[in-house]
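Under my numbering, the first residue of the sequence shown is numbered 690, with each subsequent residue one higher. For glycine and all other residues, C-beta sits at the position ideal for the given N, C-alpha and C. Everything numeric in this text was worked out from a predicted model, so none of it was measured.
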Amino acid sequence: MKILVLGGDGYLGWPTALYLSKRGYRVAVVDNFLRRHYDDEMGVNSLVPIEKLSRRISTWEMVTGLKINSYVGDLTDNSFIYETIKDFMPDTIVHFAEQRSAPYSMIDRDHAVHTQVNNVVGTLNLLYAIAELNPNIHLVKLGTMGEYGTPNIDIEEGYITIEHNGRKDVMPYPKQPGSFYHLSKVHDSHNILFACRIWGLKATDLNQGVVYGQETDETVLHPDLATRFDYDAVFGTVLNRFCVQAAVGVPLTVYGSGNQTRGMLNIRDTLACIELAILNPAESGEMRVYNQFTESFSINQIAELVKECSDDNVEITKIDDPRVEAQEHYYNAKHTKLMDLGLLPHYLSKDIVKNIINSAIKYADRVDHLAINPTVGWRNTKSQLITANPAKN
Ligand code: NAD
Ligand code: USQ
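Take a look at the structure:
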C-alpha cells in the first residue's frame, strides 16, 4: 500500500513516516518546512536537534535499507498538491500539514488569517485533487479534541443523536472550539464531510488530544532520525513543557485554576492509531470520526505527576490564564472506537514521565529560559508579540 504523509517533516509526521515505512508500506512525505520557518519567526528551536529532511531520509535508508520519497511544496499551491498526488498515486493520504499552535493563531489578525488560510485552503485543495484524481484514496486527517470544547454533556465520537420536537436525527456533534487554530479544524471537518457527501470521498477524521513524548522505536535508531521537541510557550504542549521545565528546575507553569481537563496520548499511540485508521478505511461517501486519545487529566494532575518525577521536586506555579477557557467544567469524552479496532495504549506512568524528563536533561543547555513564560493572550486583538522570546523582540 502506498501512503503519502503530508506534514512529514513535523513532530508527528516524521515518526509516522518512519513507522509506516518500517511496517512495509511504501511511503512518501510532503512538507514545505513552514514549521522550521515558525522557529525562525518566533526565535526558538526544537530542544532536540533535528536534521534536514534530506539527511533524515538518507540516514533512514542507510540504517534500514528502506526508501522514503519526498515532495517539497505547499498544500495551498493547488498545482503542487495535484501533481504530487498524480505522481505518487497513493492509496491513503495521512494529512498532518497544518499550522497547529493555538497561541500562534491568537497572536494577532495576521496570524489568525494565516492559520485559517493555510489549514482550510490546503485541505480544500487536497479534497479537490483527491476527487479529480482518485476518489478511492482514503484520507486520514488529523483533527483535534479541541474542536468540541468543553460542553456540559458527554462528548461523542463525531456525531450525536438528537431528538427535537418528536423527530430524531444523527448530526455532527456541536463544536465550541477555543482558538482560531481549533476553529480551522472545525472548518476542515465541515469541508471534508461535505466533500464525502457530494463526491463520495472516503475520510477518517482523527480528533486527537494533546500528544506527549519524543521518542519512538524508529526515531531512536540514529540521532539523525530524532523528531522535534517543542517546549516554548507558543509551540510547546503542556506535558512536554512541564517535563522540560522540570529538567531545568524552573516552576511548572499551570495556567489559571489548573482544573482544565484534556484528553492526552503518548506519541507511540499516535502512530498506532494512524495505522489502525489506514487498515480500516471509511466507506465511499463516509467521514468517520474517531476521538484519538487514551486518558484525560487535569493540568493540576499533570503538574503533580511531573513534580513527583523530578529529582529537584520542582515547584508548581499558577499563572493568570492567558487563554479564555473554562476553568471548572464537566469532561467525559468517549474514545472507544480506536480501542475497538485494537489499540493497546501506552498509559501515562512515572517511568514514561521520567524518560521524557531525562531526554530533556540531555539537552538542558539548549533550553532558552526566556521562551518559557506565555506571551500570547487571547483577549488582545492587537499584535502582542514578535517572537516567542521577549528578549529577541
Ligand atoms: P508540526 O507543526 O510539527 O508538523 C506539521 C508539519 O506540516 C510541519 O512540518 C509543517 O512544515 C507542515 N506544513 C504546515 N503547513 C503546510 C503546508 N501548507 N504545506 C506543506 N506542509 C505544511 O505539528 P504536529 O505536532 O506534528 O501536528 C501534526 C498534526 O496533528 C496537525 O494537524 C495538528 O493539528 C495535529 N495535532 C497535533 C497534536 C499535538 O499535540 N502535537 C495534537 C492533536 C492534533
Ligand atoms: N497549559 C498550561 N500550562 C502550560 C501550557 C498549557 O496550563 O504551560 C494548559 C492550557 O491552558 C490548556 C491545556 O494546558 O488548558 C492544553 O494546552 P496545550 O498548549 O498543551 O494544548 P493546545 O493548545 O490545546 O494544543 C495542542 C496542540 C494542538 C492540538 C491540541 C489537542 O498544539 O495542535 O490540536 O493540543 S486538544 O487540546 O485536544 O485540542
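Determine the extent of the alpha helix (DSSP H) in which residue i is found, giving its start and end residues.
i	result
residue 934	927–936
residue 817	811–822
residue 720	Segment 715–720 is the beta strand (DSSP E) holding residue 720; no alpha helix (DSSP H) there.
residue 876	869–888
residue 743	742–753
residue 711	702–711
residue 973	Note, residue 973: premise wrong, no alpha helix (DSSP H); not H, not E.
residue 730	723–731
residue 802	798–805
residue 791	791–794
How would you write the range of the beta strand (DSSP E) that residue i sits in, first residue to last?
i	result
residue 760	757–761
residue 849	848–853
residue 986	984–987
residue 980	976–981
residue 856	856–861
Going by DSSP, what residues sit across from residue i in a beta bridge?
i	result
residue 955	901
residue 994	Answer is none; residue 994 lacks a bridge partner.
residue 1022	844
residue 1042	In the DSSP output, where bridge partners are listed per residue, residue 1042 has none listed.
residue 784	695, 830
residue 1008	944
residue 775	Note: residue 775 sits in no beta bridge, so no partner.
residue 894	830, 978
residue 950	987
Less than 7 Å between the C-beta atoms of residue i and residue j, yes or no?
i	j	result
residue 980	residue 896	yes
residue 951	residue 899	yes
residue 970	residue 889	no
residue 859	residue 848	yes
residue 910	residue 718	no
residue 1056	residue 978	no
residue 1027	residue 962	yes
residue 958	residue 876	no
residue 792	residue 693	no
residue 703	residue 916	yes
residue 1008	residue 908	no
residue 987	residue 948	yes
residue 814	residue 788	no
residue 912	residue 1006	no
residue 1042	residue 994	yes
residue 764	residue 770	yes
residue 1025	residue 966	no
residue 795	residue 868	yes
residue 932	residue 1061	no
residue 1048	residue 934	no
residue 742	residue 710	no
residue 715	residue 699	no
residue 923	residue 790	yes
residue 748	residue 760	no
residue 1019	residue 841	yes
residue 960	residue 708	yes
residue 976	residue 822	no
Our contact map puts residue i next to residue j with C-beta atoms below 8 Å; I'd like the distance itself, whole angstroms only.
i	j	result
residue 775	residue 828	About 16 Å; that fails the 8 Å criterion.
residue 695	residue 782	6 Å
residue 862	residue 837	6 Å
residue 886	residue 832	Actually they are not in contact, since the Cβ atoms of residue 886 and residue 832 sit about 17 Å apart, beyond 8 Å.
residue 735	residue 919	6 Å
residue 777	residue 691	6 Å
residue 731	residue 921	7 Å
residue 1023	residue 844	6 Å
residue 884	residue 816	4 Å
residue 839	residue 992	Not really, about 19 Å apart at Cβ, beyond 8 Å.
residue 720	residue 818	Between residue 818 and residue 720 the Cβ distance is about 17 Å, and since that is not below 8 Å, they are no contact.
residue 944	residue 1010	4 Å
At a threshold of 6 Å, does residue i count as lining the ligand ATP (C-beta to nearest heavy atom)?
i	result
residue 807	The ligand ATP is absent from the structure shown, which contains only the ligand NAD and the ligand USQ.
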